[in-house]
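*Asks:* Numbering (the numbering used here), first residue to last: 169 to 580.
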């Protein structure tokens with residue numbers, strides 16, 4: 169039996185968490201019962217990695233569904249998506265994020281395009297059945313309004329990246345039927361290789377052996393609370409004079425001035441001498457391996473991929489008690505969770521003294537730190553393998569394909 173061809177739609181080619189997860193997935197799916205083809209808005213870091221692995225991709229930029237200014241170009245692009253699906257004999261569409269879900273639904277409708285598109289724009293629902301299943305990944309928190317606007321109830325299946333993320337659908341009666349939880353996985357080879365070059369990387373970054381390096385890697389945005397780390401540094405440096413802080417990443421386009429805010433705050437607190445700010449990197453494994461301790465202090469996090477990436481390099485994480493983060497850290501065994509569940513920013517800042525003392529204890533107990541790092545590595549390798557990730561997603565694809573085929577059969 170020939171493999172089912174899957175069109176994986178990504179709205180971006182920047183190699184941040186969602187696209188790194190997609191890259192891991194399509195690499196694992198290649199050669200199995202599902203044949204991956206990626207639809208990307210154009211060339212970029214993701215497509216370069218696909219080319220290196222000889223994985224096929226198609227270029228098509230889909231306009232945002234919810235912006236009025238996009239509606240002039242939307243019909244033509246969705247029609248082109250529909251034509252691609254028919255020409256390529258696509259058996260399933262996988263939306264790597266929620267945003268292309270409406271485009272995928274219209275492109276997969278059995279109804280006439282001229283009727284289905286205006287109806288979905290006005291009513292946020294399809295008239296006709298799907299001729300191919302649509303499976304959509306939900307990677308960040310969603311509100312009921314987003315669920316409606318992006319027509320998530322129309323997807324054949326929704327993959328939530330954590331149990332916490334799946335709870336966003338608790339108020340919908342169709343949750344049990346359509347929502348499945350599949351944790352992300354990572355390719356451990358690059359992180360384990362980076363561990364072998366840890367000393368060299370630290371030397372290149374200007375760190376001495378005795379330095380205790382605390383890092384935050386990923387988008388620099390208010391949701392990630394990097395200002396908390398900068399304010400905590402004032403206390404940490406009094407307790408651990410050889411502490412250093414490494415922030416790797418850049419703000420999102422909507423937070424363009426945020427990096428300057430962070431640098432100004434570090435200068436204001438007189439801790440700027442201990443901070444390094446490094447721009448966005450396509451390959452992050454070596455930076456994780458250079459750390460002694462990783463932090464993820466977000467106020468909202470669907471999964472928290474950087475936690476398992478740090479663990480892949482043998483580095484434990486102190487994480488906030490929100491979203492999927494507690495599913496990735498066993499408190500006081502593979503890292504630490506701080507704060508009550510879903511703490512507001514104002515209340516979270518009350519945790520600052522305890523956080524600083526926790527960091528200081530780890531800096532002064534390298535044996536405990538090493539035990540946490542090895543436990544994190546082992547826990548992550550057991551639970552977040554690329555093979556397990558692909559198997560979980562494939563099982564959801566199986567459900568979606570079978571259900572769509574059954575529904576089409578009933579209409580004949």
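Just so you know, even glycine gets a beta-carbon here, dropped at the ideal spot from N, CA and C.
Keep in mind it's a predicted model, so treat the numbers as computed, not measured.
Return the Cβ separation of residue 437 and residue 399 in integer angstroms, given the expectation that the two are a contact with Cβ distance under 8 Å.
*Replies:* 6 Å
*Asks:* Is the beta carbon of residue 568 closer than 8 Å to that of residue 324?
*Replies:* yes
*Asks:* May I ask you to list the residues that DSSP assigns as paired with residue 304?
*Replies:* 263, 326
*Asks:* In the DSSP assignment, find the beta strand (DSSP E) that holds residue 461 and state where it starts and stops.
*Replies:* Segment 461 to 464, the beta strand (DSSP E) holding residue 461.
*Asks:* Over what stretch of residues does the alpha helix (DSSP H) that includes residue 444 continue unbroken?
*Replies:* Per DSSP, residue 444 lies in no alpha helix (DSSP H); the unbroken beta strand (DSSP E) holding it starts and ends at 443 to 446.
*Asks:* Which parts of the segment 522 to 551 are runs of the alpha helix (DSSP H), unbroken and 4 residues or longer, counting only runs that do not cross its ends?
*Replies:* 534 to 551
*Asks:* Starting from the C-beta of residue 564, find all residues in its chain whose C-beta is less than 8 Å away, skip the five residues before and the five after it, and write them out in chain order.
*Replies:* 303, 325, 327, 348, 350
*Asks:* Pop quiz: residue 557 and residue 417 are said to be a contact at Cβ under 8 Å. What is the actual Cβ separation, rounded to whole angstroms?
*Replies:* Not a contact, Cβ separation roughly 23 Å.
*Asks:* So, residue 482 versus residue 542, is the Cβ gap smaller than 8 Å?
*Replies:* yes
*Asks:* Do residue 203 and residue 134 count as a contact pair if the criterion is CB distance below 8 Å?
*Replies:* Limits of the chain in this structure are 169 at one end and 580 at the other, which puts residue 134 out of reach.
*Asks:* On the criterion of 16 or more Cβ atoms from any shown chain inside 10 Å, does residue 265 qualify as buried, or is it exposed?
*Replies:* That one is buried.
*Asks:* If I measure Cβ to Cβ from residue 383 and keep anything under 6 Å in the same chain, skipping five residues before and after, which residues do I get?
*Replies:* 414, 459, 462
*Asks:* What is the residue span of the alpha helix (DSSP H) that residue 556 lies within?
*Replies:* 554 to 579
*Asks:* Report the three-state DSSP secondary structure of residue 246 (helix, strand or coil).
*Replies:* helix
*Asks:* Out of curiosity, what's the CA-to-CA distance linking residue 441 and residue 176?
*Replies:* If you draw a straight line from the Cα of residue 441 to the Cα of residue 176, it comes to about 44 Å.
*Asks:* Could you tell me whether the segment 419 to 433 touches the segment 335 to 342, using the rule of 3 or more Cβ pairs below 8 Å?
*Replies:* Counting Cβ pairs under 8 Å, fewer than three are found: no touch.
*Asks:* Taking the beta strand (DSSP E) that residue 486 falls in, what are its first and last residues?
*Replies:* Unbroken beta strand (DSSP E) run through residue 486: 485 to 488.
*Asks:* Restricting to Cα atoms, I'd like to know which of 346, 464, 519 is closest to residue 493.
*Replies:* 464
*Asks:* Can you grab the Cα-Cα spacing for the pair residue 498 / residue 524, in whole Å?
*Replies:* 20 Å
*Asks:* Mapping DSSP to helix, strand and coil, what is residue 296?
*Replies:* coil
*Asks:* Does DSSP put residue 241 in a helix, a strand or coil?
*Replies:* coil
*Asks:* Looking at residue 467 and residue 391, is the spacing between their C-beta atoms short of 8 Å?
*Replies:* yes
*Asks:* Would the beta-carbon of residue 253 fall within 8 Å of that of residue 300?
*Replies:* Yes; because the gap between Cβ atoms is below 8 Å, this pair is in contact.
*Asks:* Quick one, which of 479, 554, 530 has its alpha-carbon nearest residue 379's?
*Replies:* 530
*Asks:* Check this for me: beta carbons of residue 216 and residue 362, under 8 Å apart or not?
*Replies:* no
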